[in-house]
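A short worksheet on the structure shown next.
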Amino acid sequence: MTEVVGIDLGTTYSAVAHLGDDGNPEVIPDEAGRLLVPSVVSFANDPPVVGALAKIAQADGETEVAAAFKRHLGDPRFVLSFRDQEFDATDLSTLVLAKLKAQAEAFLGKRVKRAVITVPAYFTHPERTAAITAGRRAGFEVLRVISEPTAAAIAYGFRAAPQQRTLLVYDLGGGTFDVSLVRITGDEMRVLGTDGDHRLGGADWDGRIVSHVHHLFAEEFGVEIGVDDALTLLARAEQLKHTLSARQQGDILLDFAGHTARYQVTREKFEDLTRDLLDRTEQLTRQVVADAGLGWDRIDGVIPIGGSTRMPMVRECVARLSGHQPLGGVHPDQAVAIGAAIDAATGTPAPHGLAVAEGSGGRVGIRLTQDVIAHSLGMIAENATGSRYVNSVLIRKNLPIPARESRPYQFHLQDNGENLLEVFLTQGETDHPEDCAYLGRYVVTGFGPGTGGTVVDIEYAYDSSGVVQVSATDRTTTRPLLVTVDAVPPDVPERFAGRPSGAGKRGHTTVYLAFDLSGSMAGDPLAEAQRAAHAFVGQCDLSNTSIGLIGFSDRVLVCQTATQNAGAIGRAIEGLDVGTTGYGNRAHPFDALYDDLVDAPGARYAIVLADGRWAEQDRVIPRAARCHTAGIECLSIGFGSADREFLSRIASSSEQSLFTDLHRLTESFTTIARELAEGRGGHIRDLTPRYA
Numbered sequence: 259m260t261e262v263v264g265i266d267l268g269t270t271y272s273a274v275a276h277l278g279d280d281g282n283p284e285v286i287p288d289e290a291g292r293l294l295v296p297s298v299v300s301f302a303n304d305p306p307v308v309g310a311l312a313k314i315a316q317a318d319g320e321t322e323v324a325a326a327f328k329r330h331l332g333d334p335r336f337v338l339s340f341r342d343q344e345f346d347a348t349d350l351s352t353l354v355l356a357k358l359k360a361q362a363e364a365f366l367g368k369r370v371k372r373a374v375i376t377v378p379a380y381f382t383h384p385e386r387t388a389a390i391t392a393g394r395r396a397g398f399e400v401l402r403v404i405s406e407p408t409a410a411a412i413a414y415g416f417r418a419a420p421q422q423r424t425l426l427v428y429d430l431g432g433g434t435f436d437v438s439l440v441r442i443t444g445d446e447m448r449v450l451g452t453d454g455d456h457r458l459g460g461a462d463w464d465g466r467i468v469s470h471v472h473h474l475f476a477e478e479f480g481v482e483i484g485v486d487d488a489l490t491l492l493a494r495a496e497q498l499k500h501t502l503s504a505r506q507q508g509d510i511l512l513d514f515a516g517h518t519a520r521y522q523v524t525r526e527k528f529e530d531l532t533r534d535l536l537d538r539t540e541q542l543t544r545q546v547v548a549d550a551g552l553g554w555d556r557i558d559g560v561i562p563i564g565g566s567t568r569m570p571m572v573r574e575c576v577a578r579l580s581g582h583q584p585l586g587g588v589h590p591d592q593a594v595a596i597g598a599a600i601d602a603a604t605g606t607p608a609p610h611g612l613a614v615a616e617g618s619g620g621r622v623g624i625r626l627t628q629d630v631i632a633h634s635l636g637m638i639a640e641n642a643t644g645s646r647y648v649n650s651v652l653i654r655k656n657l658p659i660p661a662r663e664s665r666p667y668q669f670h671l672q673d674n675g676e677n678l679l680e681v682f683l684t685q686g687e688t689d690h691p692e693d694c695a696y697l698g699r700y701v702v703t704g705f706g707p708g709t710g711g712t713v714v715d716i717e718y719a720y721d722s723s724g725v726v727q728v729s730a731t732d733r734t735t736t737r738p739l740l741v742t743v744d745a746v747p748p749d750v751p752e753r754f755a756g757r758p759s760g761a762g763k764r765g766h767t768t769v770y771l772a773f774d775l776s777g778s779m780a781g782d783p784l785a786e787a788q789r790a791a792h793a794f795v796g797q798c799d800l801s802n803t804s805i806g807l808i809g810f811s812d813r814v815l816v817c818q819t820a821t822q823n824a825g826a827i828g829r830a831i832e833g834l835d836v837g838t839t840g841y842g843n844r845a846h847p848f849d850a851l852y853d854d855l856v857d858a859p860g861a862r863y864a865i866v867l868a869d870g871r872w873a874e875q876d877r878v879i880p881r882a883a884r885c886h887t888a889g890i891e892c893l894s895i896g897f898g899s900a901d902r903e904f905l906s907r908i909a910s911s912s913e914q915s916l917f918t919d920l921h922r923l924t925e926s927f928t929t930i931a932r933e934l935a936e937g938r939g940g941h942i943r944d945l946t947p948r949y950a
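Under the working numbering, the letters of the sequence shown match residues 259 to 950, in that order.
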């Protein structure tokens with residue numbers, strides 16, 4: 259019989275937990291009864307030693323020691339050499355996981371095979387994949403990886419009150435910081451948003467102590483502390499940090515290079531040295547709350563997890579931000595492992611994520627967990643003018659996972675039959691290619707014979723572990739294409755720092771969606787319009803299409819200037835709201851459309867949606883005509899009580915005017931987008947829904 263466990267693979271400490279026979283979760287101790295295993299490996303002996311003994315060796319100045327390597331998971335450039343062997347972060351993490359596996363099997367007296375492993379919410383695809391690889395090498399069947407704040411929230415929700423609560427999980431560990439917003443009821447947990455920094459954690463607080471006392475030592479004795487002594491100093495700095503969490507001051511002893519000194523550090527000095535680190539966590543926390551569209555008054559409490567949240571400055575920051583004292587009920591060092599064990603015990607989720615775990619003590623819990631995408635997915639593209647490369651975001655962060663979305667990509671077939679489509683898949687929020695994580699070079703082949711243009715639908719998918727998959731289909735033949743993944747070439751991202759060559763350059767398209775936000779759009783009309791807008795974006799090739807958004811009623815508001823960033827477009831669509839520009843119908847969008855489109859390169863389109871009669875129509879029609887004269891193709895879509903004749907006159911031609919039904923808006927917008935993506939222009943004569 260095998261046991262399933264949950265593992266918190268930490269930067270400084272790791273833990274393994276399971277559900278006991280009574281159905282309650284518990285952390286599994288090592289042979290000495292310790293619940294936390296230092297994520298430290300000593301190579302002083304063969305075989306290597308993992309855990310407490312390795313950390314003692316580190317504190318004693320042993321140089322054949324590896325620590326804090328979790329920060330480098332998925333980074334092929336990180337390699338350490340011990341005993342004439344090279345180890346990357348995956349190799350070292352494998353040793354820690356193997357230690358936890360053996361520890362669990364010794365305690366439980368049975369084989370442990372399956373595991374859920376936690377990672378920071380802000381880990382990228384390569385880092386998550388490396389964690390899965392390490393787990394498999396250690397002998398586990400990795401059921402999935404889940405985010406650390408999600409695991410902590412599961413642990414909290416295990417015994418939470420049945421009423422709905424919106425909570426913020428503030429996770430400051432030894433090497434990473436994550437913050438997530440979750441909504442918990444008695445039988446459901448859903449992640450609303452997440453952010454973080456996987457290179458910010460308690461080790462950075464330790465580093466500030468090291469820098470401070472190193473400076474004092476060098477100033478007093480005129481010597482630098484050697485590299486061989488750095489690990490010892492770091493261990494002593496960590497101990498001083500722990501002391502300052504309980505006391506107002508503490509001492510640190512330095513005995514290096516034949517000199518000995520003892521320095522006193524106050525809590526006030528320590529907090530002054532690290533204030534900017536705390537500010538970084540505060541900025542990320544505020545951003546998550548803002549992105550979720552919530553105020554602090556709608557957040558019921560903050561769950562602090564990670565050993566670094568014991569620092570008084572952190573708990574004071576949490577209380578100041580939220581207006582609440584941090585919630586108790588979960589052990590900051592054990593919550594992640596316990597939550598992973600609960601998740602592991604539920605087994606493979608049933609449809610929609612519903613799962614039930616049973617123990618001899620009764621039902622463990624029913625949990626509908628919904629996590630979110632931590633990073634946006636995109637591809638490298640040229641900007642509208644062809645002057646530089648950009649990261650064109652296709653799937654924005656904080657969408658629920660697992661998730662799938664496809665985007666069309668215009669491709670020109672060559673008659674030599676050697677057609678190859680190259681896609682550089684990126685992860686990150688910026689539009690600057692040099693600041694992105696590159697998931698791989700995806701090469702699409704298998705096109706049939708032919709010449710001229712075709713459209714390839716490229717699908718991006720996040721699975722439940724946050725790992726990315728890519729597939730492609732030839733839209734003309736509906737045949738799946740072959741997708742192979744190559745390593746990112748060594749000249750990337752530098753390749754995309756220069757100016758595009760222009761070879762094979764496709765024409766750029768700029769589209770503005772202009773939506774009526776008058777009072778009659780409240781409720782279902784606006785919701786359907788937003789759904790249609792999202793569907794439109796989903797059918798556009800953002801590698802050569804920029805999309806902007808305008809709202810109008812009594813006033814005009816440019817909600818989003820034209821961009822190739824799907825995340826920004828999506829947020830602007832979600833932000834549309836009746837009343838932001840008034841409730842009447844006195845304004846029109848055509849002056850704003852003219853200003854934003856008149857100088858845009860390539861094809862230019864304006865799609866105007868209205869559901870009622872506009873005031874001062876005689877004034878509006880000439881302003882629309884000015885757009886037509888400038889070469890801006892104007893399409894009009896109406897429903898409800900919209901004036902059909904007026905819609906026809908503000909469109910560039912009668913063929914570009916459509917009156918439809920509210921519940922067919924998505925179909926209409928999707929069809930228009932497909933026409934644009936396939937290069938057939940904006941004529942919508944054949945898109946008018948037919949009614950019996």
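Where a beta carbon is used, it is the ideal one built from N, C-alpha and C, also for glycine.
Practice problem: Could you check which residue in Gly454, Asp455, Ser438, Asp453 has the C-alpha nearest to that of Met245? | Solution: The question about residue 245 has no answer here: the residues shown for the chain are numbered 259 through 950.
Quiz item: In its own chain, which residues sit with a C-beta less than 6 Å from the C-beta of Phe327, not counting the 5 before and 5 after it?
Solution: The answer, listed in chain order, is Ala347, Leu350.
Exercise. Let me know the secondary structure DSSP gives Lys368 once reduced to three states.
Key: Three-state DSSP puts Lys368 in coil, outside helix and strand.
Quiz item: Near Cys575, which residues of its chain fall below 8 Å by C-beta distance, leaving aside the five closest residues on each side in sequence?
Solution: Counting only Cβ-Cβ distances below 8 Å, and skipping sequence neighbours, we find Leu536, Thr539, Glu540.
Quiz item: DSSP on Val725, reduced to helix/strand/coil?
Solution: Looking at Val725 - three-state DSSP - the assignment turns out to be coil, as it is neither helix nor strand.
Practice problem: Taking the CB atoms as reference points, tell me whether His589 and Asn649 lie closer together than 8 Å. | Solution: Cβ distance not < 8 Å, so His589 and Asn649 don't count as in contact.
Self-check item: the stretch 296-306 / the stretch 388-403 touching (three or more Cβ pairs under 8 Å)
Solution: No, the stretch 296-306 is not in contact with the stretch 388-403.
Practice problem: Taking all protein chains shown into account, decide if Ala548 is buried (16 or more other Cβ within 10 angstroms of its Cβ) or exposed. | Solution: Burial call: exposed.
Practice problem: Mark Ala615 as exposed unless 16 or more other C-beta atoms lie within 10 angstroms of its C-beta, in which case mark it buried. | Solution: Bear in mind that a pLDDT of 36 at Ala615, under 50, signals an unreliable position, so the number given afterwards is only what the model happens to contain. Buried, since its Cβ has 16 or more Cβ neighbours within 10 Å.
Quiz item: Can you check whether the CB of Ala599 is closer than 8 Å to the CB of Ala275?
Solution: Closer than 8 Å, so yes.
Quiz item: According to DSSP, which residues form a beta bridge with Gln522?
Solution: BP columns for Gln522 point to Asp509.
Quiz item: What residue range is occupied by the uninterrupted alpha helix (DSSP H) comprising Leu542?
Solution: 533-549 is the extent of the alpha helix (DSSP H) around Leu542.
Quiz item: Between the stretch 520-534 and the stretch 548-558, are three or more C-beta pairs nearer than 8 Å?
Solution: Short answer: they don't touch.
Self-check item: Residues near Asn677 in its chain [Cβ-Cβ closer than 6 Å; skip 5 each side]
Solution: Excluding positions up to five away in sequence, the list reads Leu671, Phe705.
Exercise. Check the C-beta distance from Val377 over to Glu399 and give it rounded, since I have them as a contact under 8 Å.
Key: The distance from the Cβ of Val377 to that of Glu399 is about 17 Å, inconsistent with a contact at the 8 Å cut-off.
Exercise. Please report the residue range of the alpha helix (DSSP H) in which Met569 lies.
Key: From DSSP, Met569 is part of no alpha helix (DSSP H); its letter is neither H nor E.
Self-check item: Beta-carbon contacts of Gln506 that lie in its chain and below 7 Å, excluding the five residues immediately before and after
Solution: Hits under 7 Å: Thr524, Arg525.
Quiz prompt | Same chain, Cβ closer than 6 Å to Val769, five either side skipped, listed in chain order | solution = Close CB contacts of Val769 within its chain, under the 6 Å cut and outside five residues either way in sequence, are with Ile805, Tyr863 (chain order).
Self-check item: Nearest-angstrom Cβ-Cβ length linking Trp872 and Val878, presumed shorter than 8 Å
Solution: Taking a contact as a CB-CB distance under 8 Å, the pair Trp872 and Val878 counts as one, their CB atoms being some 6 Å apart.
Self-check item: Three-way DSSP call (helix, strand, coil) for Gln497 in this model
Solution: Gln497 falls in the helix class under three-state DSSP.
Quiz prompt | Whole runs of the beta strand (DSSP E) within the stretch 753-803, excluding any shorter than 3 residues | solution = Fully enclosed beta strand (DSSP E) runs of 3 or longer: 767-774.
Quiz item: For Asn649, which residues does DSSP report across the bridge?
Solution: Bridge partners of Asn649: Ile638.
Quiz item: Looking at C-beta atoms only, is the number of pairs between the stretch 650-659 and the stretch 810-820 that lie closer than 8 Å three or more?
Solution: The answer is no - the stretch 810-820 does not touch the stretch 650-659, with fewer than three Cβ pairs under 8 Å.
Practice problem: Go ahead and pull the three-state DSSP assignment for Ala396. | Solution: In this structure, Ala396 counts as coil in the three-state DSSP scheme.
Exercise. Would you kindly work out how many angstroms separate the C-alpha atoms of Ala830 and Glu687, rounded to a whole number?
Key: A straight-line Cα-Cα distance of about 15 Å links Ala830 and Glu687.
Quiz prompt | Among Ala310, Arg292, Pro287, Glu289, nearest to Val231 - alpha-carbon criterion | solution = Nothing about residue 231 can be read from this structure; the chain reaches only from 259 to 950.
Practice problem: Quick one: using the 10 Å Cβ neighbour count with 16 as the cut-off for buried, is Leu277 buried or exposed? | Solution: Under this definition Leu277 is a buried residue.
Self-check item: Inter-residue Cα distance where the pair is Pro747 and Thr703
Solution: Taking the CA atoms as reference points, Pro747 sits about 19 Å from Thr703.
Quiz item: Looking only at C-alpha atoms, which of Glu322, Thr684, Arg884 sits nearest to Gln343?
Solution: Comparing Cα positions, the closest option is Glu322.
Self-check item: In DSSP terms, what Pro584 is bridged to
Solution: Paired residue(s): none; Pro584 is not in a bridge.
Quiz item: Can you list, in chain order, the residues of its chain whose CB lies under 6 Å from that of Leu366, leaving out five sequence neighbours each side?
Solution: Result list for Leu366: Glu261, in chain order.
Quiz item: Should His383 be labelled buried (16 or more other beta-carbon atoms within 10 Å of its own) or exposed?
Solution: With 16 or more Cβ atoms within 10 Å of its Cβ, His383 is classed as buried.
Quiz item: For the stretch 918-935 against the stretch 886-896, are there 3 or more C-beta pairs whose distance is under 8 Å?
Solution: Yes, the stretch 918-935 touches the stretch 886-896.
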